[in-house]
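Per my numbering, residue 58 is the first one in the sequence shown, and the count goes up by one each step.
C-beta: ideal position from N, C-alpha, C; glycine also.
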Amino acid sequence: MSLDASYLDYPKRRHGMDHDYYPYSNLFDRKPVQWPGDKKLMIWPVISLEYFPMVPNDNPFRAPGHMQTAYPDYRHYTAREYGTRIGIYRLLGAFEKVGAKISVATNSVIAQRYPQLIEDIISGGHEIIAHSTDMNGTIASGLAEADEKALIEGSLTALEKVIGTRPRGWLSIARSQSFNTAKLLAEAGVDYMCDWANDELPYAFQTDSGAITNIPLNHELSDRQIINVQQQSVDSYAQQMTDAANWLLAEAEQNGGRMLPMHLTPYIMGLPYRISSFEKLIAGVAEHNDIGFARGDAILDSWKAQK
């Protein structure tokens, strides 16, 4: 029995990729990137600073790390709040000790509820990336375009009111997008997004509303994935980050500058039995002459200047 002809009638069916967002590109065939200060490897630290409402919203999906037990789930609520009261300051302190400026992906509700925390981040010379409204502000294709547009605009506007400038970057919750997200971000004037994890350097992304850059934020090396999901130790995390840095440094000798994201969660890495190992990792990296730290907007500007 043969298939009905309509089964194969797919509008994106063709040779190559099934979208027009960007062309295929082999990382090793590209023009070499040169980072400021002749650094061969640029580490991009991103802290996810999140507000979890007591009542989770499962539409379109429940965000990773959200409330899990019967209402009121004070155990998980207060564990998450640990990140905004203690963990974030330990992580900021670790980077301050080595003079690193970083990106902090922030729910806009954080800025509204804890403006002093945002002031401390900005005064330290760090960058705020928009990270939706709160951890109920998830995005998927079941979300109406108008609602998604309002969510994006609400997050950006609320952060701008507290920070004084509009965030240039966007990180979706769980890196989840709908078919409209990139277009809506471009419409909203966002310069870069971090949701597509298919590369290790920035790349141009085309939408019906104009261009936006994607700076890939690796998922496999996040503290949530290694420590919480895979149940590995902080020492294992540090070893994997070191292994990644060493490999990328070796590649940079032949292929030009490389980038290594460092995605962190305050209520995970900021605990007292992990922060010491993390500080040792950061200190060791900072001593390497060929490695630097940079905010996402600085990486974007450096990369675009070389296009």
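Scanning K364, A309, C251 and N312 for the CA closest to the CA of R352 turns up C251. Nearest to I356 by C-alpha distance, out of Y260, A309 and S235, is Y260.
CA-to-CA, the gap between T214 and D300 works out to about 40 Å.
Under the three-state reduction of DSSP output, T141 falls in the helix class.
Beta-bridge annotation (DSSP): W360 is not paired with any residue. About 17 Å separates the beta carbons of I230 and Y249, which is beyond the 8 Å limit, so they are not a contact pair.
If the five residues before and after N312 are omitted, its C-beta is found closer than 7 Å to the C-beta atoms of F85 and P89, all from its own chain and listed in chain order. For S160, the uninterrupted beta strand (DSSP E) run begins and ends at S160 to T163, by DSSP. Under the 10 Å beta carbon count, W101 is surrounded by 16 or more other beta carbons and is classified as buried. Two segments are said to touch when three or more pairs of C-beta atoms, one from each, lie closer than 8 Å; by this definition the stretch 178 to 192 touches the stretch 221 to 228.
A residue is called buried when at least 16 other Cβ atoms come within 10 angstroms of its Cβ; G314 meets this threshold and is buried. DSSP links W227 through a beta bridge to A187 and M250. DSSP, read as helix, strand or coil, puts W92 in coil. Three or more Cβ pairs closer than 8 Å define a contact, and the stretch 141 to 150 falls short of that threshold against the stretch 110 to 125. Less than 8 Å divides the Cβ of M192 from the Cβ of N164. Counting the other Cβ atoms within 10 Å of the Cβ of K364 gives fewer than 16, which makes it exposed. Going by beta carbons, L98 and L317 fall inside the 8 Å limit.
For F335, the enclosing alpha helix (DSSP H) starts and ends at I332 to A343. Distance check between L208 and each of K218, T195, I220 and E217 places T195 closest, using alpha-carbon atoms only. Here the stretch 331 to 342 lies against the stretch 286 to 297, with 3 or more beta-carbon pairs under 8 Å apart. Collapsing the DSSP output to three states places S293 in a helix. Apart from sequence neighbours up to five positions away, the residues of its chain that approach S359 with a beta-carbon distance below 7 Å are W92 and P93, ordered along the chain. Looking at the DSSP output, T270 sits in a beta bridge with Y249 and A261. DSSP, read as helix, strand or coil, puts V112 in coil.
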